[in-house]
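For reference, the structure is listed below as structure tokens.
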Amino acid sequence: MKHDKPKKIRLAPPAAPSLPKAPTGIQGLDEVTGGGLPQGRPTLLCGSPGCGKTLLAMEFLVRGAVNFGEPGVFMAFEENTEELATNFASLGYDLKALVAQKKLVLEFVHIERSEIAETGEYDLEGLFIRLGQKIDSIGAKRVVLDAVEALFSGLSNTAILRAELRRLFCWLKEKGVTAIITGDRGETGLTRHGLEEYVADCVILLDHRVEGQMATRLLRIVKYRGSAHGTREFPFLIDEDGISIVPITSIGLTHEAGTGRVSSGVPRLDTMMGGKGFYRASTVLVSGTAGSGKTSLAASFAHAASARGERCLWLAFEESASQIIRNMRSIGTDLEPAVRRGTLRFHAIRTTACGLEMHLAIMYKLLNQFKPRVVVVDPISDFARLGSNTEVKAMLTRLIDFFKMHQITALFTSLTEGGSVIESTEVGVSSLMDTWLLLRDVENGAERNRILHILKSRGMAHSNQVREFLLTDHGVELREVYVGPSGVLLTGSARGELEAQEGAQALVLEQEIEGKARALEYKRQAMEARIAALRAEFEVEQTEAAKTIGQDHTRASVLAGDRVQMGRLRQADAGATGRRPKQGGPR
Amino acid sequence: MKAKPKADSAAKDSTATSEESLAKPSKPRYRLRLYIAGMTPRSARALANIAEICEQYLKGRYDLQIIDLYQQPVLAAGDQIIAVPTLIKKLPPPLRQLIGDLSDREQVLIGLDLKPKK
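Going line by line, the protein sequences match chains A and B.
Counting with numbering that gives the first Met the number 0, you get residues 0 to 586 for the letters of the first sequence.
Counting with numbering that gives the first Met the number 0, you get residues 0 to 117 for the letters of the second sequence.
Right under this line is the structure:
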């Protein structure tokens, strides 16, 4: 059931002795009111004609009857029951069936000025009796008085009317029914006849504003006695499911930061981010000039998510679903099976189709229905046309908050217009992004080639290098880039050429090294040969020398023996002879 | 019975007879319904006022039905009653709702087409 879905985004935690509230069951309204309308009290719903008062009031009754077992009485002062049944049938409400089941009573109060004449004192007891009878007939807990101010156009005695309306609202309170009283916006006050003076508990204002030819419906809680409530204007949507209100303001930065990772769908890109890809529930911005491959990168991401079995929602603002599928098939990324499996859903709408707030409302609705884990927004730069930078940024902030809260990993593409600063985004949202991938074209050698780098990636080590971004027939690929001699990035065929050149150079070098090694070997061998020759020579010389030394020794001893002999013969001092043996004969 | 001498006199005066016969269809029968909520002083005033007017202007050609909504609340919706007291002129057409205690004699007579609107 819709009413209890986004409970997490409760704005006002219920205070301890909280005011009893009647849940409306209208998507978003229970969040902004902190649980519903004040139970057993009247609420004033005002706004200009055609802004959805009757619808909101009727949905309150229908959901009350169907979802919460609280029958309701709808007292209409402008439309008759037949018209009501027809109008709401187009919204999928079978009022007649509810009436038959005694869950709803439609009561048309017809006031025809021309038939009425006032002839004296009166009161509105007749109306009280009618309403009371209807309430009692089905045990109604909820009551709507739609356009009750029509009484003022039928009856001229405003003094009586005012007093009687005051009495009516008190009477409703006594009856303990939760009531909505609708009233047209007046020129000075909230309603034409100042009903807000009597209905003091809760006042809700609906507005319908046209800006730049686009209409936005807005709801604001002007007053809610005894309860906290959202104070800003909340955009709301009327479609085949009735009303849904976008409850998100800036909820605050309280979301859990996970450490889980999600693949980008490009293995090499994952490698650049620590080998694991983006953080789960982070926001990724892919910005780049026209044709730089943003959508292709997004397709890889979506394809990978779908391959993991995760639901992916693709919000396309420039191309139709089938166009994206066809184009991505040309680079070998077939998204169609994922669409058929139901893991990938496209929602293609022109940004100019409705206002910013309405876009946000539509996106919330889709997100709540489809509950994706991964979202692609392609591109966000288109929103720039819908409002001022501040407005667009505020809207995207709320969208991002929603993503974070629901642990959705989101990839946004942003077109950088030619001639603008490349490191800028159209709507200045880069500060909201956790990871920013920059794609751009480089032109050299009569070619345009794509390059990618990670401008930032919060909370992870990431590569500082530029990579060439290739769209091949089997998806996105990243390659190294080269810096040429004059500091120019070399990509495409220039890179290919350089790669070939480098290959050739390497071969030459290898050959050179081999040659040198061989030469060295020769040298070594030559050296060793010479060493061997020298050794041989030396050995010969050594033998020769040994021989000579032996002969010399013999001669020396012979000489010594001769001298002793002579000394003896000359009567010489033996000692002297011994001391100066080398002097030999002094002669 | 009261009409008899009138008819006799009409027979004497042919002009008067023709006038009366012409006027007869223009004096239709009135069907009136007065809704009140309980016997309040205001209800009593309304009752007294309508009784007086009927006697004075519609003698013999009116049906007056008094409905107390406290007794029969279901009937309020059928005649689109919002205020009480309300006098409904069902017939002759057009349908009229005279709201209030019927003290404003002039308004009541205009409302009942017994006096031309100024």
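Positions of the beta carbon are idealized from the N, C-alpha and C atoms, including for glycine.
Interface flag, residue i vs chain A, CB-CB below 8 Å
i	result
residue 100 of chain B	yes
residue 34 of chain B	yes
residue 66 of chain B	no
residue 47 of chain B	no
residue 30 of chain B	no
residue 62 of chain B	no
residue 112 of chain B	no
residue 72 of chain B	yes
residue 55 of chain B	no
residue 103 of chain B	yes
residue 52 of chain B	no
residue 94 of chain B	yes
Cβ of residue i within 8 Å of any chain B Cβ
i	result
residue 125 of chain A	yes
residue 356 of chain A	no
residue 363 of chain A	no
residue 112 of chain A	no
residue 192 of chain A	no
residue 223 of chain A	no
residue 128 of chain A	yes
residue 26 of chain A	no
residue 145 of chain A	no
Pick from the options that is closest to residue i, judged by C-alpha positions
i	options	result
residue 287 of chain A	A:50, A:549, A:441, A:354	A:441
residue 146 of chain A	A:204, A:124, A:74, A:492	A:74
residue 369 of chain A	A:392, A:314, A:197	A:314
residue 53 of chain B	B:33, B:41, B:39, B:79	B:33
residue 271 of chain A	A:510, A:465, A:232, A:545	A:465
residue 235 of chain A	A:226, A:204, A:264	A:204
residue 463 of chain A	A:469, A:471, A:454	A:454
residue 121 of chain A	A:156, A:138, A:110, A:100	A:156
residue 237 of chain A	A:471, A:568, A:57, A:17	A:57
residue 378 of chain A	A:388, A:350, A:363, A:507	A:350
residue 452 of chain A	A:536, A:437, A:222	A:437
residue 82 of chain A	A:53, A:292, A:241	A:53
residue 305 of chain A	A:539, A:338, A:50	A:338
Neighbourhood of residue i by C-beta distance below 6 Å, restricted to the same chain and skipping five residues each side
i	result
residue 133 of chain A	72, 104, 106
residue 21 of chain A	35, 36, 38, 177
residue 298 of chain A	327, 332
residue 282 of chain A	399, 409, 432, 433
residue 341 of chain A	none
residue 110 of chain B	95, 97
residue 91 of chain B	27
residue 192 of chain A	148, 151
residue 19 of chain A	38
residue 80 of chain A	105, 107
Buried versus exposed, by CB contacts within 10 Å (16 or more), residue i
i	result
residue 93 of chain B	exposed
residue 186 of chain A	exposed
residue 129 of chain A	buried
residue 96 of chain B	buried
residue 558 of chain A	exposed
residue 26 of chain A	buried
residue 412 of chain A	buried
residue 302 of chain A	buried
Same chain only: Cβ atoms within 7 Å of residue i, ignoring 5 sequence neighbours per side
i	result
residue 481 of chain A	489, 494, 497
residue 57 of chain B	29
residue 239 of chain A	90, 91
Pair within 8 Å by beta-carbon distance, residue i and residue j
i	j	result
residue 69 of chain A	residue 172 of chain A	no
residue 28 of chain A	residue 143 of chain A	no
residue 201 of chain A	residue 85 of chain A	no
residue 67 of chain B	residue 99 of chain B	no
residue 44 of chain A	residue 230 of chain A	no
residue 414 of chain A	residue 380 of chain A	yes
residue 244 of chain A	residue 65 of chain A	no
residue 469 of chain A	residue 374 of chain A	no
residue 98 of chain A	residue 265 of chain A	no
residue 330 of chain A	residue 215 of chain A	no
residue 88 of chain B	residue 31 of chain B	yes
residue 100 of chain A	residue 257 of chain A	no
residue 125 of chain A	residue 80 of chain B	yes
residue 209 of chain A	residue 168 of chain A	no
Own chain residues within Cβ distance below 8 Å of residue i, not counting five before or after
i	result
residue 60 of chain B	26, 27, 28, 29
residue 22 of chain B	A caution first: residue 22 of chain B carries a pLDDT of 48, below 50, which makes its placement in the model unreliable, though a value can still be read off. Result list for residue 22 of chain B: empty, nothing under 8 Å.
residue 101 of chain B	44, 45, 48, 49, 52, 84, 86, 107
C-beta neighbour in chain D for residue i, strict 8 Å
i	result
residue 346 of chain A	Protein chains in the displayed structure are A and B, and chain D is not among them.
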